[in-house]
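**Student:** Before anything else, here's the structure in question.
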Amino acid sequence: MIYRKFANTDIKLSQLGFGAMRFPITQQYDPTTIDKTKAETMLHYAIDSGVNYVDTAYPYHRQTSEIFVGKALRGGYRNKVYLATKMPVWLVKSKEDSSKYFNEQLKRLQTDTIDMYLLHSLGKNGWKTVNDHNILDFLDKTLAAGKIRFTGFSYHDELPLFKEIVDAYPWTFCLVHLNYVDDHYQAGIEGMEYAYKKGLAVIIMEPLRGGKLANNVPKEILELMEQTGRNQTPVQFALRWVLNRPEVSCMLSGMSSLEQVQENIRFASEEHANTLSPKELQLYQAAKEFYQSKTKVNCTQCGYCMPCPQKIPISFILELYNDACMYNATRDSQRMYRVFVNSEYRGNQCIECGECEEKCPQKIPIAVTLKEAHRLLN
Numbered sequence: 021m022i023y024r025k026f027a028n029t030d031i032k033l034s035q036l037g038f039g040a041m042r043f044p045i046t047q048q049y050d051p052t053t054i055d056k057t058k059a060e061t062m063l064h065y066a067i068d069s070g071v072n073y074v075d076t077a078y079p080y081h082r083q084t085s086e087i088f089v090g091k092a093l094r095g096g097y098r099n100k101v102y103l104a105t106k107m108p109v110w111l112v113k114s115k116e117d118s119s120k121y122f123n124e125q126l127k128r129l130q131t132d133t134i135d136m137y138l139l140h141s142l143g144k145n146g147w148k149t150v151n152d153h154n155i156l157d158f159l160d161k162t163l164a165a166g167k168i169r170f171t172g173f174s175y176h177d178e179l180p181l182f183k184e185i186v187d188a189y190p191w192t193f194c195l196v197h198l199n200y201v202d203d204h205y206q207a208g209i210e211g212m213e214y215a216y217k218k219g220l221a222v223i224i225m226e227p228l229r230g231g232k233l234a235n236n237v238p239k240e241i242l243e244l245m246e247q248t249g250r251n252q253t254p255v256q257f258a259l260r261w262v263l264n265r266p267e268v269s270c271m272l273s274g275m276s277s278l279e280q281v282q283e284n285i286r287f288a289s290e291e292h293a294n295t296l297s298p299k300e301l302q303l304y305q306a307a308k309e310f311y312q313s314k315t316k317v318n319c320t321q322c323g324y325c326m327p328c329p330q331k332i333p334i335s336f337i338l339e340l341y342n343d344a345c346m347y348n349a350t351r352d353s354q355r356m357y358r359v360f361v362n363s364e365y366r367g368n369q370c371i372e373c374g375e376c377e378e379k380c381p382q383k384i385p386i387a388v389t390l391k392e393a394h395r396l397l398n
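Going left to right, the sequence shown walks through residues 21 to 398 as the numbering used here numbers them.
Quick look at the structure:
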């Protein structure tokens, strides 16, 4: 296993981290039914093979991931890893809630200390909550008490706010969405470089875009991969682009089978920083442009269309629609639609009031598109 420096500390993280969001389950569409035998085998194999960063969060597997991870790390495994979890900022409604959720997480994880504690999924609303309820003061006090070792945040919004948050507090690290297609999405490469220059460790999520860059890969992408001259799978092609960046301290993978764990560990046992040639980087650019050419809806996820009077999560549905078309991922988008969008808030519930279309900078015919998306996703 190759290890990388964690900010300005003496800690080194395995360049592959274990994301505890996609454990195998026994019942389709019910993420609470973690296959504990398979999942524990996967997690123990990863740790025994050198993975030392385990990342979970309060809502993963509908609030059962932390409980499972806490049990799976018994028997000495807890001392072998840096354990990360995340505060559910969107649930914080008072100053007291920060302590309430944190103490609940300690119990779930069966630990006295969280090594890396993140504020989960910060964006405009989350950052307002952080400031309204003095969550940064809570982090200071909990750090001083030794219950947290390092603080960070995960991010899902636009670049300017990301920079503001980086500058607002002495974070040790951040967690951002990045892959070779989404290089300028949310914080993107510019945000990663900004945080790194400010001394933060950068951890990457979604290197495979939830598996979409690994499954049902078009022949055009496979042909570009062949031109690299490397014998590699689509998974390796995608992960190599992320680990090529020396700014990356750790790359998370939400693995769902032992075979995926084994494949990723073999790959992470080689050095990848600064190994891509200019020609290869051009091929990644061509792959990105191919995927983007299949975009169904020119939605930039700006969020101006929200909130919808019918409480329809417009931008999320349009993203699922795009993903289905861009990545040959119809079944995956259908699953996400079924799990995360209640029937009363789906695209067919649009009443065509036109409010969202007036606000949309891209002038998307949202009412028609929502119904098209519903026909595909439902």
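Beta carbons: idealized from backbone N, C-alpha and C, even for Gly.
1) Identify whether Ile384 lies in helix, strand or coil by the three-state DSSP scheme.
2) Based on the DSSP output, what are the partners of Ala25 in its beta bridges?
3) Any contact of the stretch 130 to 144 with the stretch 97 to 114, i.e. 3+ C-beta pairs under 8 angstroms?
4) For Asp187, I'd like the list of residues in its chain whose CB is within less than 6 angstroms of its CB, leaving aside the five on either flank, ordered along the chain.
5) Could you please give me the residues that DSSP links to Asp343 through a beta bridge?
6) Taking the alpha carbon of Asn72 as the point to measure from, which residue in Ser273, Glu378, Gln48 and Leu179 has its own alpha carbon closest?
7) Taking the alpha carbon of Thr320 as the reference point, which residue from Glu339, Cys328 and Tyr304 has its own alpha carbon closest?
8) If you draw a straight line from the alpha carbon of Glu283 to that of Met21, how long is it in whole angstroms?
9) Give me the residue from Tyr341, Asn362 and Ala258 with the minimum Cα distance to Val388.
10) I think Arg169 touches Asp135, with their Cβ atoms under 8 angstroms apart; what is that distance to the nearest whole Å?
11) Thinking C-beta only, is Thr61 closer than 8 angstroms to Arg98?
12) Do the stretch 172 to 191 and the stretch 207 to 216 meet, that is, are 3 or more Cβ pairs less than 8 angstroms apart?
13) Cα-Cα, which of Val201, Val262, Tyr214 and Val89 is closest to Leu296?
14) Have a look at Pro254, Phe193 and Ala234 and flag the residue whose alpha-carbon is nearest the alpha-carbon of Ile224.
15) State the CB to CB distance for the pair Tyr175 and Tyr121, rounded to an integer number of angstroms; the pair is presumed to be in contact (CB under 8 angstroms).
16) Just how far apart, CA to CA, sit Lys383 and His394?
17) Can you tell me whether Arg128 is buried or exposed? The criterion is at least 16 other CB atoms within 10 Å of its CB, across all chains shown.
**Tutor:** With the structure as the only source:
1) Reduced to three states, the DSSP call for Ile384 is coil.
2) Inspection of the sequence shows that residue 25 is occupied by Lys rather than by Ala. The partner list for Lys25 (beta bridge, DSSP) reads Lys32.
3) Yes, the stretch 130 to 144 is in contact with the stretch 97 to 114.
4) none
5) Note: Asp343 sits in no beta bridge, so no partner.
6) Ser273
7) Residue Glu339 is the option with its Cα nearest to Thr320.
8) Taking the straight line joining both Cα atoms gives about 12 angstroms.
9) When Tyr341, Asn362 and Ala258 are compared, the shortest CA-CA separation from Val388 is found for Tyr341.
10) Their Cβ separation, rounded to whole angstroms, is 5 angstroms, which keeps Arg169 and Asp135 in contact under 8 angstroms.
11) no
12) yes
13) Val262
14) Relative to the Cα of Ile224, the nearest Cα in the group Pro254, Phe193 and Ala234 belongs to Phe193.
15) The beta-carbon separation of Tyr175 and Tyr121, rounded to 19 angstroms, does not stay under the 8 angstroms limit for a contact.
16) 20 angstroms
17) Buried, since its Cβ has 16 or more Cβ neighbours within 10 Å.
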